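Read the structure below first, then the notes.
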Amino acid sequence: MVNSLKIKILVLVTVILVLVISSVAYINFLQQKEMLREIANRNISVLVETIKSSIGNAMLSGRSDEVGSIFARIKSREFVKSIRIVDPTGKILNSAERDEIGKKVELGSQGEATRNLSLLPDNGLFVSYARIFNAPQCYKCHPPSKETLGLLEIKLSLDYMNNFIQRERDTAIISSAVLVLLTFATLVLFLFLYVDRPIRKLVSYMEQVEQGDFEHRIKINSSVEMHSLCESFNRMVQRLKSMMERTISHERELARAQEKLSFHRETHQMNGRLEEQIREIENLNITLEERIEEIEEANYKIADLAGELEDKNTNLEKAVAKLSTLYRLGLAINSTMEVESLYNLVVRTTMDTLQAQIGYIILYAPEHTHLRVINLMGHGETLPRERSIPMKETSVASWVIRHRKPLLIADINQAPEFDRFSTLGYERKTLICAPLMVKDEMIGTLTVVNKLNNSTYNHEELELLSTIAAQASIAIKNAMLYDEQQKTYLNTIQALVSAIEASDSYTRGHSERVTRLSLALARKLELPQERLKVIERAAILHDIGKIGVDLSLLHKEERLTEDDVAELQQHPTIGMKILEPIEFLHDVRLCIGQHHERYDGLGYPNRLAAEHLLLESRILAIADSFDAMTSDRPYRRALATEVAIQELADNAGKQFDPALVPIFIELINTPGLLPPRQQECPEAAVTQHSASLPKESLSHSYVAP
């Protein structure tokens, strides 16, 4: 683009125009400025002479007191900054300012040397000094020997002239810019119409010729040169077309000739090969009879090998099935980072693969004397999902953990050193137990017990379970580390929330109560476990954004101003920004950012309506509002539970989801859900503080900011 000819022309012409027009405008501006200053100088000279004449007339007529009045009238003009008469020593003899008379000023070299009118620029002012000479008519008041009666000093402002010069400069700049733009636009239009568009059209036709289209003819009449160029190009294309046609024709003839020559050569070669093959066939017929006997002997050997191959195929199919199972298992266990889901997946998949009646995982902690059994599963049996068992010598899991290797017990009757009946409440007949290890760290064991078809486990199944355990160990360790990282994040953020609530006795415990109410409603709606975790975390952290709100504003007891409300309404946005770096809290962030939105779209901070709100955020909004209404705050006492419930019902469909409010009210009426503090509230306090609130819904007024 930089190397484009039109760009270079435009840049060059634009630079020349800017330089020429700017130079002309600047020279014109300087001439006008000098002319205006000369006019101002002459006008001020006339003004000084007029003032001297007025002073002389007043003095001659004996009205010397009128000089101060004359000065005062002249000083009233906004461009006259000062006017006074001083003697050659600098003493002020008369002035428009009465309090200056008698004072001394510094005249400088100008006042001493000037005999006629002098205009000097001084800090944006014209300073004029004019001598008042002693004349014969003045001798009656002044001695004849005194040559100069005083100096007339006038200071005039140059602001009006500077404003005029500024307007002239602005006019010159604007006119120059307009002239440059008009010239530039004209040049651009000319280049586009008479250069760029014809060239583009010519390039487009050249691309068509490149693709093999020689029939189209280009015609451009924008200029004589372009027309001549197009005609030359059309003639060149036609010559190129005829040359290509002749070349293709010659190549076809040459190809046909080569084909005929090749055919003759191949025929001759085929005759020679045919004779050789006939001789070979005769030799083969002689040896064929000898080979028949060998083939009959080989058939017997092939039959024997077929039996062996069938056995190997059977073993290979089993190996492929095991590898396929391990591959599917690897994909499955690496598809989740949730520890509980991973435990269930590993145990269930292992039981299905090894056709086990019972399966479970045991977790081992070196500092504990007991083993923790999790995800105990059994086909058709009701077994406890989690419990602890002691480490003892007769325990299979204890043996595997101590020796750090898998154990196969094909028949429990052949292993009297181990218990026949497990402390988990079932009888063991055959089992495999493999260690869950990552490098040298022992995590626990994976165990399958008793086969569905009542057969016994073998060494192949032991190897398969060991391989499954090795894959599962890494996935479980990663999931445990991931879960620990999540807990660390949440504990850190929850500590911030607790610090906020600890500084305010009115909101202490608010997050825990909102979490309990939100989870109760979510479980009533039968939300899946992962969504329960989202609502739990969002409820705990929903007010994390208050860390960015002034603490004095949170404790303010008097009525909140509009600025106070606007600052408080920023805490959902602040909370989302705090949690933004934590990727796994994405839905939690959305829920926190929406927990003060309304069902009708009139909430804050983004005024989202129901169709854009998460179900979890609508649940959290109801629980948060209910706890805020039934809790004491600095600016009012808590509402009674019945009044808060009525507020929820009155605002269903406006502030709250109308489908969730009846379910929540049913939960609130369930005994034991609310602590005693929230069961009763003095009606007098409710009446007193409700009366002082503005005319809007209580649920809206009492919702925590």
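The numbering of the sequence shown is numbering that gives the first Met the number 0, which starts it at 0 and goes up by one. Ideal Cβ placement from N, Cα and C applies to all residues, glycine included. Since this is a predicted model, take the numbers as computed values, not measurements.
TYR342 beta carbon less than 7 Å from that of THR737: The requested residue 737 is not part of the displayed model; the chain covers only 0 to 704.
CB contact flag (ASN374, VAL399, <7 Å): no
Length-filtered (4 minimum) alpha helix (DSSP H) runs lying within the segment 455–491: none
Close beta carbons around SER108, own chain, < 6 Å, minus the five adjacent residues each side: Any reading at SER108 is ruled out, since the residue's pLDDT is 48, under 50, leaving its predicted position unreliable.
Pair within 7 Å by beta-carbon distance, LYS32 and LYS80: no
Pick from GLU105, THR640, ARG83 that is closest to ASP98, judged by C-alpha positions: ARG83
Cβ pair count under 8 Å reaching 3, the segment 396–411 against the segment 429–446: yes
PHE417 vs VAL448 beta-carbon contact at 7 Å: no
Neighbour-count burial assignment, TYR128, 16 or more Cβ in a 10 Å radius: Buried is the label assigned to TYR128, since at least 16 other Cβ atoms lie within 10 Å of its Cβ.
Option nearest ALA609 by Cα separation, candidates ALA622, GLN593, LYS300, ALA643: GLN593
Cβ contact check for the segment 512–524 and the segment 655–667: 3 or more pairs under 8 Å: yes
Runs of alpha helix (DSSP H) wholly within the segment 508–549 (minimum 4 residues, chain order): 509–523, 528–540
Residue burial classification, PHE655 (beta-carbon count within 10 angstroms, cutoff 16): buried
7 Å Cβ shell around LEU435 - same chain, five flanking residues per side excluded: ILE442, GLY443, THR444, LEU445, ALA468, ALA471, SER472, ILE475
Outcome for ASP169 when other beta-carbon atoms lying within 10 angstroms are tallied against a minimum of 16: exposed
Contacts around PHE70, its chain only, beta-carbon distance under 8 Å, and the 5 residues preceding and following it disregarded: ILE82, ARG83, ASN93, SER94, ALA95
ILE15 in three-state terms, based on DSSP: helix
Minimum C-alpha distance to TYR456 - residue among GLN356, ARG530, THR393: GLN356
Contact check, CYS590 vs SER616, beta carbons under 7 Å: In this structure, CYS590 places its C-beta atom within 7 Å of the C-beta atom of SER616.
Where LEU435 falls: helix, strand or coil (DSSP): strand
Pick from ILE100, ASP549, ILE164, VAL587 that is closest to GLU535, judged by C-alpha positions: VAL587
Range of the contiguous alpha helix (DSSP H) that encloses GLU566: 561–567
Beta-carbon proximity check, VAL17 vs VAL179, cutoff 7 Å: yes
C-beta atoms of ALA57 and ALA171 nearer than 7 Å: Between ALA57 and ALA171, the CB-CB gap reaches or exceeds 7 Å.
Same chain only: Cβ atoms within 8 Å of ASP121, ignoring 5 sequence neighbours per side: Summary for ASP121: the model assigns pLDDT 47, below 50, so the residue's position carries little reliability; its value from the coordinates is reported in the next sentence. Within the same chain, Cβ atoms closer than 8 Å to the Cβ of ASP121 are found at LYS154, the five residues on either side in sequence being excluded.
CA-to-CA distance, ARG238 to GLU214, given in whole angstroms: 12 Å
Cutoff 8 Å; reference LEU613; Cβ partners in own chain excluding five residues on either side: Counting only Cβ-Cβ distances below 8 Å, and skipping sequence neighbours, we find ASP586, LEU589, CYS590, GLN593.
Where ASN93 sits in the DSSP three-state scheme: strand
Per DSSP, the bridge partner or partners of THR444: ILE361, PRO434
Short Cβ contact (7 Å threshold) for LEU461 with PRO405: Cβ distance < 7 Å, so LEU461 and PRO405 count as in contact.
Cut-off 7 Å between Cβ atoms - residues of its own chain near GLN528, not counting five sequence neighbours on either side: none
8 Å contact criterion, which LYS240 and ILE217 should meet: CB distance rounded: Taking 8 Å as the upper bound for CB-CB distance, LYS240 and ILE217 are not in contact here, some 14 Å apart.
Reduced DSSP category for TYR128 - H, G, I as helix; E, B as strand; rest coil: strand
Straight-line Cα distance separating SER22 from LEU118: Bear in mind that the predicted position of LEU118 carries a pLDDT of just 43, short of 50, making it too unreliable to give a figure here.
LEU619, enclosing alpha helix (DSSP H) - first and last residue: 614–628
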